[in-house]
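Undergrad: The structure is given below, and queries will be raised subsequently.
Here you go:
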């Protein structure tokens with residue numbers, strides 16, 4: 001039997017299944033690939049196959065940052081856990097229902113156990129960042145928040161630098177039609193699968209309640225975003241409403257690693 005080693009998928013959706021939990025003697029094979037295997041997609045994307053051992057129930061969100069060691073054992077990235085020299089990248093979504101809650105290409109909640117995941121190390125990807133990013137977007141560093149980076153104007157002492165990465169801008173905007181009482185944004189303009197919006201991003205605009213996030217995206221067959229589902233219902237009707245998305249931004253990954261302690 002042969003196993004495909006190359007897979008292409010629309011940007012914004014991880015084409016790979018999270019494998020697990022793997023239980024010895026269960027008859028479920030794992031891992032299904034050699035650790036460190038690489039697969040390719042569009043937009044210069046590359047994914048690396050890593051082992052992920054979870055000590056407790058954990059929720060993974062597209063854009064979360066991971067590090068992995070030379071044995072391709074991955075852990076969620078924080079300042080305290082980051083190891084200088086480790087490579088890093090992002091989780092860009094799960095392609096199947098999770099073991100507890102969640103769904104395709106979105107947030108996934110996993111029980112404790114051993115899993116095998118594909119983490120993106122190259123190309124365009126969603127990236128979880130603190131909402132207070134500056135317009136500089138050159139310095140990327142770890143934070144105390146699990147899986148989240150900061151992008152300040154200058155390095156913050158005791159954090160750890162992530163390089164090389166690049167961000168297009170501090171936030172992204174698009175326009176949409178809102179319907180009072182509905183949590184679906186339609187008639188989108190300025191929204192594309194390669195830049196905005198991303199699942200988990202916080203969105204704001206006229207008629208959008210505070211602390212509203214993106215929970216789902218609907219695509220046409222040719223990859224155009226048709227609608228955006230948000231976590232709260234709109235409170236007003238509106239056409240051509242400017243929506244600002246922050247917290248999960250487009251990042252350009254270039255085989256990043258943890259370079260140094262700031």
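In UniProt numbering, the protein residues as written are 1 to 262. The beta carbon of each residue, even a glycine, is placed where N, CA and C say it ideally should be.
1) Grouping DSSP H, G and I as helix and E and B as strand, with all else coil, what is residue 57?
2) Rounded to a whole number of angstroms, what is the C-alpha to C-alpha distance between residue 249 and residue 184?
3) With residue 64 as the anchor, note down where its beta strand (DSSP E) starts and where it stops.
4) In the DSSP assignment, find the beta strand (DSSP E) that holds residue 245 and state where it starts and stops.
5) Classify residue 87: buried if its beta carbon has 16 or more other beta carbons within 10 angstroms, exposed otherwise.
6) Who are residue 127's beta bridge partners in DSSP?
7) Quick test of your reading: residue 45 and residue 93, contact by CB under 8 Å. State the CB separation rounded to the nearest angstrom.
8) Under 8 Å, do residue 233 and residue 181 count as touching if we go by C-beta distance?
9) Residue 258 to residue 200, Cα distance in whole Å?
10) Among 160, 127 and 139, which residue has its Cα nearest to the Cα of residue 148?
11) Can you grab the Cα-Cα spacing for the pair residue 206 / residue 170, in whole Å?
12) Cβ atoms of residue 130 and residue 252: under 8 Å apart, would you say?
13) When DSSP labels each residue in this structure, what does residue 113 get in the three-state scheme?
14) Report all residues from its chain with a CB closer than 6 Å to the CB of residue 216; omit the five preceding and five following residues, and keep chain order.
15) On the DSSP letters alone, give me the boundaries of the beta strand (DSSP E) that residue 178 sits inside.
16) Distance, Cα to Cα, residue 155 vs residue 161?
17) Cutting at 8 Å between CB atoms, please list the residues of its own chain near residue 72, excluding the five before and the five after it.
18) Which value, in whole angstroms, describes the spacing of the CA atoms of residue 89 and residue 79?
19) Can you tell which of 247, 261 and 260 has its C-alpha closest to the C-alpha of residue 64?
20) Using the Cβ count rule (16 or more neighbours within 10 Å means buried), how would you classify residue 82?
21) Where do the ends of the beta strand (DSSP E) carrying residue 148 lie?
22) Run through DSSP, which three-state label would residue 103 get?
23) The ligand COA and residue 175: does the residue's C-beta get closer than 7 Å to at least one heavy atom of that ligand?
24) Going by DSSP in three states, residue 263 sits in which element: helix, strand or coil?
25) Select from 125, 175 and 208 the residue whose C-alpha is nearest the C-alpha of residue 168.
26) Would you list the residues sitting across from residue 344 in a DSSP beta bridge?
TA: Working from what's here:
1) By 1-based counting over the chain shown, the position of residue 57 is 57. It is coil, neither helix nor strand.
2) Counted from its first residue, the chain shown places residue 249 at position 249. Counted from its first residue, the chain shown places residue 184 at position 184. Near 21 Å, if we compare the C-alpha coordinates of residue 184 and residue 249.
3) Residue mapping note: residue 64 aligns to position 64 of the chain shown, counting from 1. Note, residue 64: beta strand (DSSP E), 64-68.
4) The residue given as residue 245 occupies position 245 in the chain shown. 238-246 is the extent of the beta strand (DSSP E) around residue 245.
5) Here residue 87 refers to the residue found at position 87 of the chain shown. Residue 87 comes out buried.
6) What you label residue 127 is simply residue 127 of the chain shown in a count that begins at 1. Note: residue 127 sits in a beta bridge opposite 249.
7) Taking the first residue of the chain shown as position 1, residue 45 is located at position 45. Taking the first residue of the chain shown as position 1, residue 93 is located at position 93. At roughly 12 Å, the Cβ-Cβ gap does not stay under 8 Å, so residue 45 and residue 93 are not in contact.
8) Taking the chain shown and counting its residues from 1, one reaches residue 233 at position 233. Taking the chain shown and counting its residues from 1, one reaches residue 181 at position 181. Against a cut-off of 8 Å, the Cβ pair of residue 181 and residue 233 comes out as a contact.
9) Position 258 of the chain shown, counting from 1, holds the residue named residue 258. Position 200 of the chain shown, counting from 1, holds the residue named residue 200. One C-alpha to the other measures close to 24 Å.
10) For the purposes of this step, residue 148 is taken as residue 148 along the chain shown, with counting starting at 1. Of the listed residues, the one whose Cα sits closest to residue 148 is 127.
11) Residue numbering aside, residue 206 sits at position 206 when the chain shown is read from its first letter. Residue numbering aside, residue 170 sits at position 170 when the chain shown is read from its first letter. Rounded to whole angstroms, residue 206 to residue 170 spans 20 Å at the Cα level.
12) On the chain shown, position 252 is the one that residue 252 refers to. On the chain shown, position 130 is the one that residue 130 refers to. No, Cβ-Cβ distance for residue 252 and residue 130 is not below 8 Å.
13) Numbered from 1 along the chain shown, position 113 holds the residue referred to as residue 113. Of the three classes helix, strand and coil, the one that applies to residue 113 here is strand, per DSSP.
14) What you label residue 216 is simply residue 216 of the chain shown in a count that begins at 1. Result list for residue 216: 229, in chain order.
15) The count along the chain shown starts at 1 and reaches residue 178 at position 178. Taken as a continuous stretch (DSSP letters only), the beta strand (DSSP E) holding residue 178 covers 172-178.
16) Translated into positions along the chain shown, residue 155 becomes position 155. Translated into positions along the chain shown, residue 161 becomes position 161. For residue 155 and residue 161, the distance between alpha carbons rounds to 8 Å.
17) What you label residue 72 is simply residue 72 of the chain shown in a count that begins at 1. Same-chain partners within the cutoff: 35, 36, 48, 49, 50 and 51.
18) The count along the chain shown starts at 1 and reaches residue 89 at position 89. The count along the chain shown starts at 1 and reaches residue 79 at position 79. Residue 89 and residue 79: Cα-Cα distance of roughly 15 Å.
19) As a working mapping, residue 64 is identified with position 64 in the chain shown. That would be 247, whose Cα lies nearest to the Cα of residue 64.
20) Position 82 of the chain shown holds residue 82. So residue 82 counts as buried.
21) Your numbering for residue 148 matches position 148 in the chain shown. Premise fails: residue 148 is in no beta strand (DSSP E) and is neither H nor E.
22) Here residue 103 refers to the residue found at position 103 when the chain shown is read from its first residue. The predicted position of residue 103 is uncertain, since its pLDDT is 45 and thus under 50; no value can be drawn from it.
23) Among the components of this structure there are no ligands whatsoever, and the ligand COA is therefore not found.
24) In this structure the chain extends from 1 to 262, so residue 263 is not present and cannot be described.
25) Looking up residue 168 in the chain shown gives position 168. Of the listed residues, the one whose Cα sits closest to residue 168 is 125.
26) Here the chain has residues from 1 to 262 only, and residue 344 is not among them.
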